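Asks: Numbering (numbering that gives the first Met the number 0), first residue to last: 0 to 306. All residues carry an ideal CB built from backbone N, CA and C; glycine is no exception. What you are looking at is a predicted structure, and each value in this text was computed from that prediction instead of being measured. Got a structure for you, questions after.
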Amino acid sequence: MPAAQPPRLLAVVGPTASGKTALGLNLAQHYQGAVISADSRQVYAGMNIGTAKSPQAWAHEAHSPQQADIVEGIPHYLFNVCAPDTRYTLATWKADATHVIDRLHAAQIPALLVGGTMLYIDSVMFGYELPPVPPNDHFRQTLIAQDTDALYRELLTRDPAATFVEPHNKRRIIRALEVMEATGKPFSQLRRQRVPPSPDCWLGLFPGWEQLRDNVTRRVEEMLDAGLVEEVARLVEYYGEALPLLQTLNYKQGLALLQGQISREAAAMSMIAATMRYAHRQMSWWKNNKQIHWLTGIEALHLKSLD
RNA sequence: CCGGCGGUGGCAGAGCGGCUGAUGCGCGGGUCUGUAAAACCCGUUUAGGUAGGUUCGACUCCUACCCGCCGGA
Numbered sequence: 000m001p002a003a004q005p006p007r008l009l010a011v012v013g014p015t016a017s018g019k020t021a022l023g024l025n026l027a028q029h030y031q032g033a034v035i036s037a038d039s040r041q042v043y044a045g046m047n048i049g050t051a052k053s054p055q056a057w058a059h060e061a062h063s064p065q066q067a068d069i070v071e072g073i074p075h076y077l078f079n080v081c082a083p084d085t086r087y088t089l090a091t092w093k094a095d096a097t098h099v100i101d102r103l104h105a106a107q108i109p110a111l112l113v114g115g116t117m118l119y120i121d122s123v124m125f126g127y128e129l130p131p132v133p134p135n136d137h138f139r140q141t142l143i144a145q146d147t148d149a150l151y152r153e154l155l156t157r158d159p160a161a162t163f164v165e166p167h168n169k170r171r172i173i174r175a176l177e178v179m180e181a182t183g184k185p186f187s188q189l190r191r192q193r194v195p196p197s198p199d200c201w202l203g204l205f206p207g208w209e210q211l212r213d214n215v216t217r218r219v220e221e222m223l224d225a226g227l228v229e230e231v232a233r234l235v236e237y238y239g240e241a242l243p244l245l246q247t248l249n250y251k252q253g254l255a256l257l258q259g260q261i262s263r264e265a266a267a268m269s270m271i272a273a274t275m276r277y278a279h280r281q282m283s284w285w286k287n288n289k290q291i292h293w294l295t296g297i298e299a300l301h302l303k304s305l306d
């Protein structure tokens, strides 16, 4: 629970369409804080409607990560910080978020980490120390053609403790090999390095599956009405239909709709199903985090009187 | 009305006269340290239109009927 003392760093998590954006905004207004979006897709300029960005934060041009978009008077960081054809990963986000948090703390401004990208939030809240190994496209390309089983055997040969890497998850196996290639150290060792869990507060918002489905259903219609297909058309025009980000939830269906492959009704149904699936994965992740104080939507409405 | 083709799990869709009837999707659960709205793993408990027949044994062969699609009168 938020105390009378303003938090330095508060994570507001919850599945997509749970209402956490509104909750985060309310809390930020209450504490006179700033919001940092912890969302792997909202970082992209030009991906506005399908990522459920607040209309006030819609943008087609990227700006500096240190610059905030203002929503209802509250600074929101890490929206629109790169173009859809650039690589922006966990490490990029963590570095940007850390800089913003440091600056906010220096100015005594509470930072509210609001978003649904589980790994991103954990990276900051648990202080992940990521191996300083940027993606090596050449290295990856040479391995991607190889047999997954052979790559896995090589991984275990080089690092017998790396059994937490799943045998068929080629992407992760290659990443582990990439890190070892660059550092010469076992991947399992590097992964364990982390600072003690942050004492800061976690707030979770989950209104229940039925309510969530209602929210999602409504939001999908709103996205289509707001011009999701036009947004997709714009992305296709600028970056081509092979843009990997077009495989993102909502954009994938928007593309199919744009190309006349499915009806609007079918697109909406598919969007709802995909979003609910994502929500399940999110909840599955947070289930293990005992630090989260879970709220339902109704409790969240009364938060202002809780301090 | 005649002829042809087809009816398999929630959906799509294979093989086979006898061994647990694939596989994909969906659904449920899970993993997670540089693609994470990604990637990967596990599960989904007696699924063969109906009625007969042939056979030691039929989802598989035969007959009739029902239903669907195509073509012809």
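#1: CB-CB under 6 Å to Met179, same chain, minus the five flanking residues each way: which ones, in chain order?
#2: Distance, Cα to Cα, Gly126 vs Ala96?
#3: Ends of the beta strand (DSSP E) at Asp68?
#4: Taking all protein chains shown into account, do 16 or more other C-beta atoms lie within 10 angstroms of the C-beta of Pro130, making it buried, or fewer, making it exposed?
#5: Specify the secondary structure class of Leu211 as computed by DSSP and reduced to three states.
#6: Quick check on DSSP: helix, strand or coil for His167?
#7: Select from Asp84, Val80, Ala106, Gln107 the residue whose C-alpha is nearest the C-alpha of Ala94.
#8: Closest to Ile173 by C-alpha separation, out of His137, Pro109, Arg218, would be which residue?
#9: Quick one: what's got a C-beta closer than 8 Å to Lys303's C-beta in the same chain, skipping five residues either side?
#10: Let me check understanding here. Comparing Cα to Cα, which of Ala16, Val123, His98, Glu229 lies closest to Met275?
#11: Give the secondary structure of Ala16 by DSSP, where H, G and I count as helix, E and B as strand, and everything else as coil.
#12: At what residue ranges does the segment 60 to 140 contain a whole run of the alpha helix (DSSP H), taking only runs of 4 or more?
#13: In the DSSP assignment, find the alpha helix (DSSP H) that holds Ala33 and state where it starts and stops.
#14: For Trp293, which residues does DSSP report across the bridge?
#15: Rounding to the nearest angstrom, what Cα-Cα distance links Val231 and Gly253 in this structure?
#16: Which residue marks the beginning of the alpha helix (DSSP H) containing Lys251, and which one marks its end?
#17: Mind checking whether Ala110 and Leu8 have CB atoms under 8 Å apart?
#18: Would Gly13 be called buried (16 or more neighbouring beta carbons within 10 Å of its own) or exposed?
#19: What is the DSSP secondary structure of Leu9, counted as helix, strand or coil?
#20: For Tyr43, write down the residues that DSSP places opposite it in a beta bridge.
#21: Arg263 to Leu244, Cα distance in whole Å?
#22: Thinking just about the alpha-carbon of each residue, which of Ala106, Ala175, Val99, Ile120 is nearest to the one in Val132?
#23: CA-CA distance, Leu55 and Ala37?
#24: Check Gln55 in the structure and name its three-state DSSP category.
#25: For the 8 Å Cβ check, are there 3 or more pairs between the segment 285 to 294 and the segment 202 to 222?
#26: Do Ala27 and Ala69 count as a contact pair if the criterion is CB distance below 8 Å?
#27: From the DSSP output, in three-state form, read off Leu242 for me.
#28: Looking only at its own chain, which residues have a Cβ that is under 8 Å from the Cβ of Gln210, when we skip the five neighbours before and after it?
#29: Taking its Cβ as the centre, do 16 or more other Cβ atoms sit within 10 Å of Asp213, making it buried, or is it exposed?
Replies: In short, the structure shows the following:
#1: As a position in the first sequence, residue 179 is number 180, starting the count at 1. Here the set comprises Arg157, Phe186.
#2: Translated into positions along the first sequence, residue 126 becomes position 127. Translated into positions along the first sequence, residue 96 becomes position 97. Rounded to the nearest angstrom, the two C-alpha atoms are 12 Å apart.
#3: Along the first sequence, one-based indexing puts residue 68 at 69. Note, Asp68: beta strand (DSSP E), 68 to 70.
#4: Indexing the first sequence from 1 puts residue 130 at position 131. So Pro130 counts as buried.
#5: Reading the first sequence from its first residue, position 212 is the one you call residue 211. Leu211 falls in the helix class under three-state DSSP.
#6: In the first sequence, counting from the first residue as 1, residue 167 sits at position 168. Reduced to three states, the DSSP call for His167 is coil.
#7: Working through the first sequence from its first residue, we reach residue 94 at position 95. When only C-alpha atoms are compared, the closest one is Val80.
#8: What you label residue 173 is simply residue 174 of the first sequence in a count that begins at 1. Measuring from the Cα of Ile173, the nearest candidate turns out to be His137.
#9: Numbered from its first residue, the first sequence carries residue 303 at position 304. Because Lys303 carries a pLDDT of 47, less than 50, the predicted location of this residue cannot be relied on, and no value is offered for it.
#10: Here residue 275 refers to the residue found at position 276 of the first sequence. When only C-alpha atoms are compared, the closest one is Ala16.
#11: Locating residue 16 in the first sequence gives position 17, counting from the first residue. Ala16: coil per DSSP, three-state reduction.
#12: 89 to 105, 117 to 124
#13: Taking the first residue of the first sequence as position 1, residue 33 is located at position 34. Run containing Ala33: none in the alpha helix (DSSP H); it sits in the beta strand (DSSP E), 33 to 36.
#14: The residue you call residue 293 lines up with position 294 of the first sequence. DSSP lists Gly203 as partners of Trp293.
#15: Stepping through the first sequence from its first residue, residue 231 is reached at position 232. Stepping through the first sequence from its first residue, residue 253 is reached at position 254. One C-alpha to the other measures close to 6 Å.
#16: The residue labelled residue 251 in the question sits at position 252 within the first sequence. First-last of the alpha helix (DSSP H) with Lys251: 250 to 257.
#17: One-based indexing of the first sequence puts residue 110 at position 111. One-based indexing of the first sequence puts residue 8 at position 9. In contact: Ala110 and Leu8 (Cβ atoms closer than 8 Å).
#18: Taking the first residue of the first sequence as 1, we reach residue 13 at position 14. That one is buried.
#19: Translated into positions along the first sequence, residue 9 becomes position 10. It is a strand residue.
#20: For the purposes of this step, residue 43 is taken as the residue at position 44 of the first sequence. Beta-bridge pairing links Tyr43 to Cys81.
#21: Along the first sequence, one-based indexing puts residue 263 at 264. Along the first sequence, one-based indexing puts residue 244 at 245. Their backbone Cα atoms lie some 21 Å apart in a straight line.
#22: Looking up residue 132 in the first sequence gives position 133. For the residues Ala106, Ala175, Val99, Ile120, the minimum Cα distance to Val132 belongs to Ala175.
#23: The residue given as residue 55 occupies position 56 in the first sequence. The residue given as residue 37 occupies position 38 in the first sequence. The displayed chain sequence assigns Gln, not Leu, to residue 55. Their Cα atoms are separated by approximately 17 Å.
#24: For the purposes of this step, residue 55 is taken as the residue at position 56 of the first sequence. The answer is helix: DSSP assigns Gln55 an H, G or I state.
#25: yes
#26: Locating residue 69 in the first sequence gives position 70, where the first residue counts as 1. Locating residue 27 in the first sequence gives position 28, where the first residue counts as 1. Here residue 69 is Ile; the residue named in the question, Ala, does not match the sequence. No, Cβ-Cβ distance for Ile69 and Ala27 is not below 8 Å.
#27: Mapped onto the first sequence, residue 242 falls at position 243. The answer is coil: DSSP assigns Leu242 none of H, G, I, E or B.
#28: Indexing the first sequence from 1 puts residue 210 at position 211. Cβ neighbours of Gln210 beyond the five flanking positions: Gly296.
#29: Taking the first sequence and counting its residues from 1, one reaches residue 213 at position 214. Under this definition Asp213 is an exposed residue.
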